[in-house]
Every structure is written in structure tokens, then in C-alpha cells.
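I have placed the structure first, in the form of C-alpha cells, so that the comments after it can refer back to it.
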Amino acid sequence: AVFSRVARVCKYDRGGPHRFRNRWTSFLKSRLNCSVTGDFPFYFNEI
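Residue numbering for the sequence shown follows full-length UniProt numbering, beginning at 1 and increasing consecutively.
What follows is the structure, given as C-alpha cells:
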């Protein structure tokens with residue numbers, strides 16, 4: 001299956017304290033749900 005997603009990382013993310021130092025802590029991702037309503041739902045999975 002193919003799902004469209006968006007992601008974000010803060011430009012100046014230096015990580016957190018201790019074991020998270022120099023590791024991205026601001027990485028977020030989300031799946032896009034782009035659909036058309038009707039009798040049979042139609043999803044746009046490739047954007």
C-alpha cells in the first residue's frame with residue numbers, strides 16, 4: 001500500500017539531554033487522508 005505523508009524536523013534541533021544529545025527530538029510525521037465522499041470512498045494515496 002502507498003500512503004502520502006508529511007514530515008517535519010526543526011532546523012536547529014540539537015537533540016535533548018544525555019542519551020538524546022545529537023539526535024533529532026523534533027521529528028514528527030503524519031499520514032494525509034485526502035478522500036472524496038460518496039457511496040464508495042475514494043482515497044488519493046499518491047500526491
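Beta carbons are placed, not taken as given, at the ideal position from N, Cα and C, and that holds for glycine. Note that the coordinates shown come from a computational prediction; the quantities given were computed from them, not determined experimentally.
In the DSSP annotation of this structure, the continuous segment of the beta strand (DSSP E) that includes L28 starts and ends at 28-31. In this structure, DSSP gives R19 a helical state, which the three-state scheme calls helix.
Rounded to the nearest whole angstrom, the CA to CA distance from W24 to K11 is 10 Å.
Secondary structure of V2 (DSSP, three-state): coil.
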